[in-house]
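Structure first, commentary second.
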Ligand code: SAH
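Numbering (the numbering used here), first residue to last: 38 to 373.
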């Protein structure tokens with residue numbers, strides 16, 4: 038609930054106005070039950086426990102990387118489904134990578150999350166709880182969020198926008214929009230809808246190929262919105278919001294990692310000021326695609342940088358705990 042919604046509910050129960058902010062602050066700080074709200078009377082706590090449910094997630098598993106302290110949580114949802122959240126510890130703060138759907142229907146050829154299709158959208162409450170419960174269970178402050186876990190956030194538009202409003206609330210979790218990144222496979226209509234909201238978050242677009250032929254091999258969504266449309270939507274997004282779009286590019290051996298692809302990417306992106314995040318493909322056994330060699334990654338990066346396109350290779354975190362893209366949920370499903 039947003040603050041106004043909670044306020045209306047409390048009013049309907051005949052509670053005084055100041056209770057709303059009191060409870061809302063507890064929620065933002067991660068209270069898991071009304072019992073913890075020690076400045077409320079016992080009777081009020083009992084009354085609220087009857088009327089509301091506070092948490093949406095129950096922890097199934099927690100894995101901690103011995104290599105870099107990255108943590109991965111697998112959560113059970115109220116209907117028995119499961120999703121995962123990753124906590125990454127950087128020098129500049131803690132970032133939580135959250136899921137936006139149970140499964141995904143986008144069908145990207147390299148991705149583990151899409152293998153069983155989409156089961157359902159996550160609610161705003163479930164996404165908010167991914168952020169809050171991760172902070173509570175890991176015992177740390179959450180400084181930033183990336184919507185790069187399971188699911189296509191723009192395929193769950195209304196819930197995601199509601200989640201962003203909630204998590205951004207200064208009386209709630211209070212995470213600034215500039216500390217939030219949303220990653221999309223390139224749903225052009227939804228990118229325009231998001232631009233119109235003028236949120237100051239960072240939009241990342243999963244490009245993975247500079248041309249239609251290659252991109253269509255990797256991403257079925259390219260049949261609906263081709264690369265020209267995606268580039269144009271990113272331009273519009275920048276003009277409307279003043280925020281440059283960044284691109285994600287997972288290097289897949291012999292598919293999108295040749296010098297030709299790098300040069301083509303330079304041709305399309307030079308002068309746009311866009312940043313390219315190069316990702317080493319995480320091998321997913323069901324998918325059969327291989328990561329590029331380190332030499333190829335280096336050559337590819339050099340062509341981009343020499344061509345005037347800023348590019349960095351994403352650090353690999355949590356590789357000992359299956360911390361990438363739907364791998365933990367897949368592992369659990371295989372065991373069932
Ligand atoms: N659906 C959204 C966000 C979730 S995926 C999107 O497509 O952007 C987050 C990023 O991980 C995307 O760039 C996605 O293409 C990438 N990804 C998926 N599977 C991967 C894999 N096996 N190795 C490397 N990156 C992968």
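We put the CB at the ideal spot given by N, CA and C, even for glycine.
- Annotated as proximal: residue 225 and residue 262, with beta-carbon spacing under 8 Å.
- Following the DSSP letters along the chain, one finds residue 182 inside the beta strand (DSSP E) bounded by residues 181-184.
- Around the Cβ of residue 129, a 10 Å sphere holds fewer than 16 other Cβ atoms; the residue is exposed.
- Relative to the ligand SAH, even the nearest heavy atom lies 7 Å or more away from the CB of residue 74.
- At least one heavy atom of the ligand SAH is found less than 7 Å from the C-beta of residue 141.
- With a beta-carbon spacing of about 7 Å, residue 170 and residue 92 fall inside the 8 Å limit used to define contacts.
- Put simply, the backbone Cα of residue 118 is about 12 Å away from that of residue 155.
- Judged by DSSP in its simplified three-state form, residue 237 adopts coil rather than helix or strand.
- About 13 Å separates the CB atoms of residue 306 and residue 337; that is not less than 8 Å, and the two are not in contact.
- In the same chain as residue 67, and ignoring 5 residues on each side of it, the C-beta atoms closer than 7 Å to its own belong to 169, 172 and 173, in chain order.
- Here residue 61 is buried. Its C-beta has 16 or more other C-beta atoms within 10 Å.
- Going by DSSP, residue 321 is part of no beta strand (DSSP E) at all; its letter is neither H nor E.
- Taken in chain order, the unbroken stretches of alpha helix (DSSP H) that lie wholly in the stretch 231-307 and span 4 residues or more are 249-255, 264-278 and 296-306.
- Under DSSP, residue 113 takes part in a beta bridge, and its partners are 95 and 119.
- In this structure residue 71 is buried. Its beta-carbon is surrounded by 16 or more other beta-carbon atoms within 10 angstroms.
- Counting every other CB atom within 10 Å of its CB across the protein chains shown gives residue 95 a total below 16, marking it as exposed.
- Under the three-state reduction of DSSP output, residue 76 falls in the coil class, being neither helix nor strand.
- Contact between residue 270 and residue 229 is confirmed by a C-beta separation of about 6 Å, below the 8 Å threshold.
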